[in-house]
Structures are given as C-alpha cells and as structure tokens.
Amino acid sequence: LATPISHHPVQLCLRDRVLYERDDAVALITLNRPERLNAMNQSMLEALAQAAQRAEQDDHVRAVVLTGSGNAFSSGFDLKAQAEHTPQGIDEWRKVLRRNFDACMTFWHLAKPTVAAVHGPALAGACELSMACDITIADETAVFGEPELRFGAGIVVMLLPWMVGPKRAKEIILLGLDNISAQEAAQIGLVNRVVPKGKDLETALSIANKLSRIDQPLMVQTKQAINQAYAIMGMEQALEAALKVDIQIEGEGMPTKARFLQIARDQGLRAAIAWRDSLTEED
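FYI, in the numbering used here the residues of the sequence shown are 161 to 443.
1) Where do the ends of the beta strand (DSSP E) carrying phenylalanine 311 lie?
2) With which residues is serine 203 paired in a DSSP beta bridge?
3) Are there 16 or more other CB atoms within 10 angstroms of the CB of leucine 205, so buried, or fewer, so exposed?
4) Under 8 Å, do proline 273 and lysine 417 count as touching if we go by C-beta distance?
5) Counting only runs that start and end within the stretch 380 to 438, where is the beta strand (DSSP E) found for 3 or more residues in a row?
6) Which residue from Met291, Leu439 and Asn387 puts its Cα closest to that of glycine 236?
7) If the criterion is Cβ atoms closer than 8 Å, does the pair leucine 179 and glutamate 216 meet it?
8) Is the CB-CB distance between cysteine 293 and alanine 282 below 8 Å?
9) Going straight from the alpha carbon of isoleucine 189 to that of valine 224, what length do you get?
10) What would DSSP say about glutamate 300, mapped onto helix, strand or coil?
11) Within 8 Å (strictly less), CB to CB, does glycine 428 reach chain B?
12) With three or more C-beta pairs closer than 8 Å as the rule, is the stretch 322 to 339 touching the stretch 357 to 370?
13) What's the call for aspartate 338, buried or exposed, on a 16-neighbour Cβ count within 10 Å?
14) Return the bridge partner residues of glutamate 281 from the DSSP annotation.
15) Run through the DSSP bridge pairs and tell me what alanine 276 is partnered with.
16) Opposite valine 324 in the DSSP bridges: which residues?
17) Among Asp183, Ile333 and Ala232, which one has its Cα closest to the Cα of aspartate 218?
18) Considering only C-alpha positions, which residue in the set Gly312, Glu344, Val316 and Gly428 is nearest to threonine 440?
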C-alpha cells in the first residue's frame, strides 16, 4: 500500500491477541502473541473468527491480509494450553477441533480474497491456516511443516494433499516434517512466491491492494467458482471426513500424545519437543 495501515487497530480479544486494522479497502488481521510465536489457543481462534467476520461484513473491505507479529507467522495450535487443560473424550475434543477447523477454513470460504504474509514458523495448524488463504506470500525465513504425527496427534485440516498432491503430502504428514523451507514450499505449490526477509507483509498488502481494485461482484463470484470446482471434486467432503478421523484419534488418545503432554506439564513444552524429536532422530 502507498500509505501504511493505521496504527490504531480495533482490538478484538482479551489481551489484544488478534489485531484488526483497516486501510481503505484492505483489512489486516494480525496474530499477536509474539512471546509464544503466536501459538493459537482457543480464545485466539475465537477472536480470529470474529476478525474474519468483521472483514466479511464491512462493505468497505475488499481484500484481507493475515499475518503474525514478531518473528513468526504462528507455531500452530497451543500445545502448552492443551497440556494444562487437556480435553477428555470425543465430545470435548469435537468442540475443540471443530473450532480449530472452522477458524482455518473461514479464510478459504471468505467471500473476499485473502492473502497470507508468512515469516518464520508456520507449522501444524498454522501451516493449514496459511494454505486456507487464497494467496500465500513467504519471506526467506519462513518454515512450513506438519509435525503432528510425531507427537501422537492428528491433522485438523487435511488441506495439504489438495495443495501439493498425495505423494508429497504423505511424505510431509506421515514423517511429520517441520523443516520445509520457503523455497521448497514454493516449488511444491505450498506458497505462491518467496520474497526477501521482512518483505512478506509489504508484498501481501500490495497484492491485496491490487485485488481490492477489481470489481467486487466479479472478484467474489470468481473466487466462489474456483472454490466450487474443488467442492465438486469432493474437497469439502474429504476435509470433513478427515476431521472426523482426527476427532476419533484425539478422543481415544494416542500413547505418544499422552506422554508428550505429561512431559510438557512436568518439564515444560521445550522438554516435550526435545523428547518428541529424539523419537525420530536418524541413526
């Protein structure tokens, strides 16, 4: 944008964990928990959905940019919060995972075009969130991955096969890869383009500004037509089926996940992640 986004954002959640700003026809939504690499807890996800709804309902907004504050887009769903208050059983997990799923897919279904500006980690649920946006810009520091299976968790939003194809998706998901560089992400179709360090938001805002100049009915109907093509191919049905699988996995509980959360409770999340990584270290 020629002029910067206003520095007087509308705060939408407790402790300002999601920021909402609008400059002319572009809304900027920022995950704002930098001390935790923008890990998304349930209150943040609720605020994220509120911010998306605000952009959807504002007739002045014609494009949306999503980014993260500090050194990360987001490390994913908040595992520390899960360790402190672990849902029990399928019914409790269904409510949690449905919120996770809907928060991500809101950006896919939003009538207005959405652009993700990614720097630093975009892992697990955050990787899925970045994929749900229509266009994803990554700077050179961005790192993507789906490490869930390595700590006994399932995949909430199974978008990856639709973006990169089944062979590459299986490798990433089944091995729990969490070190996919921005350059590799672009090569496999996970992001649209890679820009120099620190230029992701500037580029995303520029793209959003261009998108906002196109006739809104034309933009809305064309995005819907593209999404409908995927719906006809069965994407939405497949995603719902995968969500049911994840609810079953988390509701029943995996031994690795139970151990991971126990270590997180007793020794902290850093120790739990070190234990997770030790399970899959190469010989």
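Where a beta carbon is used, it is the ideal one built from N, C-alpha and C, also for glycine.
Let me lay it out:
1) From DSSP, phenylalanine 311 is part of no beta strand (DSSP E); its letter is neither H nor E.
2) Paired residues: none, contrary to the question.
3) buried
4) no
5) none
6) Met291
7) no
8) no
9) 7 Å
10) coil
11) Of the protein chains in the structure, only one exists, and it is not chain B.
12) no
13) buried
14) At residue 281 the sequence reads proline, which differs from the glutamate that was named. Proline 281 is bridged to Val303.
15) Leu226 and Thr296
16) Answer is none; valine 324 lacks a bridge partner.
17) Asp183
18) Gly312
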